[in-house]
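For reference, the structure discussed in these notes is given below.
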Ligand code: NAD
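Numbering (the UniProt record's numbering), first residue to last: 1 to 509.
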């Protein structure tokens, strides 16, 4: 069955005005499983106009009323988890357990958004005698979210629910490689009770994204994707004085000390680099092995475990990578390392058996690098490849991690708290783990790498408290009420505030 993903504008499916579509293929077979609208500026403008019309009434609802609709949406996602997960397996190639987790984790941010009436209040303070200052959060208006292929449900749910409950109208641009999941979400938008124009989806590629960025009526853009595109999006938005947060790629480092727990470390390292076929911005990419453990050889244990991974999309199996060009790119990093003298401890380039003849299958690959300058040690590969490099000292490990151009995540494996503290206080990355290879901060902690590296551009955060700031403006209101007349209270009263307060108020401070 092939699905055509149309735009979702004003709570209706709308074909793209230019009549253009691209193919959606399954990574398991490379067969076409759907069509995706390729929208241009006219489609974006149509969605923006509907959102602009919807904004006054949506933003004037109480936050509790908006959260009530989001709560219904949360229940509907829970009800349809299996259906959504099946679409994720089909279009993204994740295994079923990973696909269900994609939906469940995305729904956790929906849940957080439902709690905003309890957590997103402003401040109120008596700043001078008789004078109060409070701030109130105002939504920005129409905002947009441009998302990547690797989490078809979770990443669109990082930002949209928070922005919506805060009173914004949201336009999501799903990845053209995986539009089916969000296409199925459209019917839940109506069922949950979002009014027309509030929560919309426009499909397309770079032209569509540019139209979103350039629309003068879109106040803020959140972006998640590769570093080069994140930089382009952030630069363009800044040039237009538009609020932007843009998360880019990653090169996450794991450091294993000789005292690391064998079972846990081996299990975790393999799950971390090979899970979701390495197509996670939180995937382990480089393992720095410090010194030696006399009792076991960590590297051979990791290789042995990874060797046993089975290809497929059932629970626990290793799915294909997204497309043929991605597969070629991953292979080119392995070839490049081989040429520079690296040892390929486990070679996944040509799996002996594959579930289908035509899918983008790669088994896990483990490279033991001899040269610190290998490209595979520095660039994002985004596939089931682990680069290992042996170091003799802690300082050497830290120098390598600190010297990489990304600043997303890093993790230390050790059984000593003091050693863990030494590393966590020196790692440069924005998200750190201790014996946790995928150190994803969960709500209410914000997700994201270090600003100023290839992993993050722009302002604010994509989730949690930072996203509350990102999707609102704090308006400050200063109030002085005249004191009641003495006859009103039956006693003599002075005027509110003292002489200094009055002077401050006349701009003399
Ligand atoms: P991508 O950068 O190719 O695409 C991301 C989005 O940008 C898509 O919706 C795409 O249509 C759009 N796009 C493409 N060209 C554009 C242009 N010129 N201008 C504006 N938008 C454009 O990324 P991808 O391949 O879909 O996803 C994988 C990447 O995403 C990896 O680098 C991964 O690390 C990153 N990622 C990062 C995080 C994070 O939190 N840091 C999370 C998930 C994925």
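Positions of the beta carbon are idealized from the N, C-alpha and C atoms, including for glycine. Quick caveat: nothing in here was measured; it's all calculated off a predicted structure.
Apart from sequence neighbours up to five positions away, the residues of its chain that approach residue 347 with a beta-carbon distance below 7 Å are 365, ordered along the chain. Distance from the C-beta of residue 411 to the nearest heavy atom of the ligand NAD is not below 7 Å. With the rule of 3 Cβ pairs closer than 8 Å, the stretch 405-417 counts as touching the stretch 452-459. If you draw a straight line from the Cα of residue 258 to the Cα of residue 22, it comes to about 51 Å. Here the C-alpha atom of residue 341 lies approximately 13 Å from the C-alpha atom of residue 389.
Under the three-state reduction of DSSP output, residue 424 falls in the helix class. The beta strand (DSSP E) runs lying completely inside the stretch 67-144 and spanning 3 residues or more are 124-128 and 131-139, given in chain order.
Between residue 244 and residue 458, the CB-CB gap stays under 8 Å. In terms of side-chain proximity, the C-beta atom of residue 153 is found no nearer than 7 Å to any non-hydrogen atom of the ligand NAD.
In this structure, DSSP gives residue 436 a state outside helix and strand, which the three-state scheme calls coil.
Of the heavy atoms belonging to the ligand NAD, none sits nearer than 7 Å to the Cβ of residue 216.
Here DSSP, grouped into helix, strand and coil, assigns residue 198 to coil. Its chain contains 48, 52 and 142 as the residues whose beta carbon lies nearer than 6 Å to that of residue 217, once the 5 sequence neighbours on both sides are disregarded; these appear in chain order.
Here residue 137 really is in contact with residue 166; their C-beta atoms are around 7 Å apart, less than 8 Å. Ranked by how close their Cα comes to the Cα of residue 99, the residues 122, 343 and 178 have 178 in first place. Judged by DSSP in its simplified three-state form, residue 5 adopts strand.
For residue 231, the enclosing alpha helix (DSSP H) begins and ends at 227-239. If you draw a straight line from the Cα of residue 173 to the Cα of residue 433, it is about 31 Å long.
In the three-state DSSP reduction, residue 262 falls in the helix class (H, G or I). Taking 8 Å as the cut-off, the Cβ atoms of residue 274 and residue 156 do not count as close.
Short of 6 Å from the beta carbon of residue 398, and not among the five residues preceding or following it, lie these beta carbons of its own chain, in chain order: 426.
For the 8 Å CB-CB criterion, residue 461 and residue 471 do not form a contact. Residue 55 and residue 131 have their C-alpha atoms some 33 Å from each other. Secondary structure note for residue 32: its beta strand (DSSP E) is the uninterrupted segment 32-37. For residue 411, the three-state secondary structure derived from DSSP is strand. A direct Cα-to-Cα measurement between residue 327 and residue 476 gives close to 52 Å. As for any alpha helix (DSSP H) of minimum length 4 sitting wholly inside the stretch 309-358, the runs are 324-339, ordered along the chain.
Pairing residue 43 with residue 206, the inter-Cα distance amounts to about 14 Å.
Nearest C-alpha to residue 368 among 129, 361 and 335: 335.
Placement of the Cβ of residue 205 at a distance of less than 7 Å from at least one heavy atom of the ligand NAD is found. Residue 486 sits in a helix when the DSSP states are folded into three classes. Here residue 276 carries a helix assignment [DSSP, helix/strand/coil]. Closer than 7 Å to some heavy atom of the ligand NAD: that does not describe the Cβ of residue 168.
Leaving aside the five residues that flank residue 124 on each side, the residues in its chain whose CB is nearer than 6 Å to its CB run, in chain order, 134.
Exclusion of residue 37 from the 7 Å shell around the ligand NAD follows from its C-beta lying no nearer than that to any non-hydrogen atom of the ligand. Proximity of the beta carbon of residue 175 to the ligand NAD is indicated: a heavy atom of the ligand is located closer than 7 Å.
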